[in-house]
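K.L.:
Mapping the sequence shown onto full-length UniProt numbering, position 48 (from 1) lands on 48, and the numbers just tick up by one. Positions of the beta carbon are idealized from the N, C-alpha and C atoms, including for glycine. If you scroll down you'll find the structure; I have some questions about it.
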Amino acid sequence: MSRENPADDDPNTINSSYYSEFLMEGKQISYLEDIHELFKLCAKQEDSRKQITDLMTKLTDKMQVLQNQVSNLPGIHLSIREQLEILEQEQQNARKKAENLCNLTNPSSSS
Numbered sequence: 001m002s003r004e005n006p007a008d009d010d011p012n013t014i015n016s017s018y019y020s021e022f023l024m025e026g027k028q029i030s031y032l033e034d035i036h037e038l039f040k041l042c043a044k045q046e047d048s049r050k051q052i053t054d055l056m057t058k059l060t061d062k063m064q065v066l067q068n069q070v071s072n073l074p075g076i077h078l079s080i081r082e083q084l085e086i087l088e089q090e091q092q093n094a095r096k097k098a099e100n101l102c103n104l105t106n107p108s109s110s111s
């Protein structure tokens, strides 16, 4: 099964066809219905500029909410190196906790 978009193979690339739905403010919203409606309006023979403008405003509002939520994610503004350092520290702490638990449950193996 081949993919239409080569970016699909890159795990660092977000492809809108696969990631079009997001959880925002506790409810799931989808861009698919809005985009579908936009294409229908563009295909009409009559003047739909007002409806298109309203729909684009709605899409922009949804995107702004998403952008605000992403900006508030912990660590989003840290560099990759800083995130890796934090991850390494957390892994070391987890290993120490696991070793301590093993020593508590099996004290004879620590001697």
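1) Quick check: what's the CA-CA separation for residue 104 versus residue 91?
2) Quick check on this structure: which residue in 87, 65, 106 has the alpha carbon closest to the alpha carbon of residue 31?
3) Using the Cα positions of residue 73 and residue 45, report the straight-line distance between them to the nearest angstrom.
4) Is the CB-CB distance between residue 41 and residue 55 below 8 Å?
P.N.:
Well, looking at it:
1) 20 Å
2) 65
3) 44 Å
4) yes
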